[in-house]
Amino acid sequence: DAKTTQPNSMESNEEEPVHLPCNHSTISGTDYIHWYRQLPSQGPEYVIHGLTSNVNNRMASLAIAEDRKSSTLILHRATLRDAAVYYCILRAIIIQGAQKLVFGQGTRLTINP
Amino acid sequence: DAGVTQSPTHLIKTRGQQVTLRCSPKSGHDTVSWYQQALGQGPQFIFQYYEEEERQRGNFPDRFSGHQFPNYSSELNVNALLLGDSALYLCASSWGLVAPYEQYFGPGTRLTVT
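So the protein lines, in turn, are chains G and E.
With my numbering as the guide, the letters of the first sequence map in order to residues 46 to 158.
With my numbering as the guide, the letters of the second sequence map in order to residues 136 to 249.
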């Protein structure tokens, strides 16, 4: 499984943008980049995913480097509810078709009021 | 529309006992995956079920087994419990196997082994 590297923790202020980086230098051509987050005492929650192009949804934006060796999750205007552990995951489509999520340690994001 | 549900919420067992955890997938989903999350760690993949068959398995011993029923719900069984099995057990559901659709997670079952 290709690995990802994320900072252990980050801190930001409410209503400011947050850029969460992820390095994945060993990514293969068929690996999708997924982001999940886990709020305290809850199961992980899907945030966004992409393959090559930048992606936007109601929760966040995903900026993918041209060589795909890094990506950045962007929260445009952080709220206190965005305080969570954010996981960057490479999701391979394996031969048998079954997909698994390989979680790392993630980035613990703290939002200051 | 109910999301992924898991039961029980909390469970306390003694070393050597057996435990069964249950999961009902989100409506319309046919694939169920199980993960183990130790305190302070990211979730670790246990196995995945589709069409009532185990399709892929993570690095877990045979003490961990599962089942998927015709209504797509699933059970995770752990035999001969060890102290190290204490963790949050998460169930995730998704649709199909091939497309990179997101997985929806339940709130988990907190298992404590004493």
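All residues carry an ideal CB built from backbone N, CA and C; glycine is no exception.
Closest Cα partner of T193 of chain G within the set G:K145, G:S115 and G:G149: This structure gives no information on residue 193 of chain G, because the portion of chain G shown stretches from 46 to 158.
Do the CB positions of V154 of chain E and L246 of chain E come within less than 8 Å of each other? By 1-based counting over the second sequence, the position of residue 154 of chain E is 19. By 1-based counting over the second sequence, the position of residue 246 of chain E is 111. A contact, by the Cβ cut-off of 8 Å.
Against chain G, which members of the region 190-221 of chain E pass a CB distance test of less than 8 Å? R190, Q191 and G193
Check each candidate in E:V213, E:W230 and E:L217 and name the one with the smallest Cα separation from Y170 of chain E. Reading the second sequence from its first residue, position 35 is the one you call residue 170 of chain E. For the options E:V213, E:W230 and E:L217, the alpha carbon positioned closest to that of Y170 of chain E is the one of E:V213.
8 Å Cβ cutoff met for F240 of chain E and P62 of chain G: Taking the first residue of the second sequence as position 1, residue 240 of chain E is located at position 105. Taking the first residue of the first sequence as position 1, residue 62 of chain G is located at position 17. Cβ distance not < 8 Å, so F240 of chain E and P62 of chain G don't count as in contact.
What residues in its chain sit with their C-beta under 6 Å from that of P52 of chain G, if we drop five residues either side in the sequence? Numbered from 1 along the first sequence, position 7 holds the residue referred to as residue 52 of chain G. Non-local C-beta neighbours of P52 of chain G in its own chain, meaning closer than 6 Å and more than five positions away in sequence, comprise T152, ordered along the chain.
So with Cβ pairs under 8 Å, would you call L225 of chain E a contact of chain G? Mapped onto the second sequence, residue 225 of chain E falls at position 90. Cβ-Cβ to chain G under 8 Å: yes for L225 of chain E.
What separation, rounded to the nearest whole angstrom, lies between the Cα atoms of W80 of chain G and S228 of chain E? Residue numbering aside, residue 80 of chain G sits at position 35 when the first sequence is read from its first letter. Residue numbering aside, residue 228 of chain E sits at position 93 when the second sequence is read from its first letter. Computed Cα separation, rounded: 16 Å.
Taking just the CA atoms, how far does T249 of chain E sit from S200 of chain E? Position 65 of the second sequence holds residue 200 of chain E. Position 114 of the second sequence holds residue 249 of chain E. Distance between the alpha carbons of S200 of chain E and T249 of chain E is about 21 Å.
Within 10 angstroms of its Cβ, does S168 of chain E collect 16 or more other Cβ (buried), or is it exposed? Start at 1 with the first residue of the second sequence, and residue 168 of chain E comes out as number 33. Under this definition S168 of chain E is a buried residue.
Between L65 of chain G and chain E, is the shortest Cβ-Cβ distance under 8 Å, so that the two count as touching? On the first sequence, position 20 is the one that residue 65 of chain G refers to. Not closer than 8 Å to any Cβ of chain E, the Cβ of L65 of chain G fails to qualify, so no.
Would you kindly report the start and end of the unbroken beta strand (DSSP E) that includes W230 of chain E? Position 95 of the second sequence holds residue 230 of chain E. Note, W230 of chain E: premise wrong, no beta strand (DSSP E); not H, not E.
Thinking E60 of chain G and A123 of chain G are a contact (beta carbons under 8 Å), I'd like their distance in whole angstroms, please. Mapped onto the first sequence, residue 60 of chain G falls at position 15. Mapped onto the first sequence, residue 123 of chain G falls at position 78. Contact flag correct, Cβ pair sits at about 7 Å.
On the three-state DSSP scale, how would you describe G151 of chain E? Here the question's residue 151 of chain E lines up with position 16 in the second sequence. Here G151 of chain E sits in coil by DSSP.
Could you tell me which residues DSSP puts in a beta bridge with H79 of chain G? One-based indexing of the first sequence puts residue 79 of chain G at position 34. DSSP, once it has assigned bridges, lists G:H94 and G:I134 as partnering H79 of chain G.
Is there a Cβ from chain E that is less than 8 Å from the Cβ of H69 of chain G? Taking the first residue of the first sequence as position 1, residue 69 of chain G is located at position 24. Not an interface residue.
Can you pull the chain E residues whose beta carbon is under 8 Å from the beta carbon of E90 of chain G, in chain order? On the first sequence, position 45 is the one that residue 90 of chain G refers to. Per Cβ cutoff of 8 Å: F240.
Under DSSP, the beta strand (DSSP E) around F91 of chain E begins and ends at which residues? Past the edges of chain E, shown from 136 to 249, lies residue 91 of chain E, and the structure says nothing about it.
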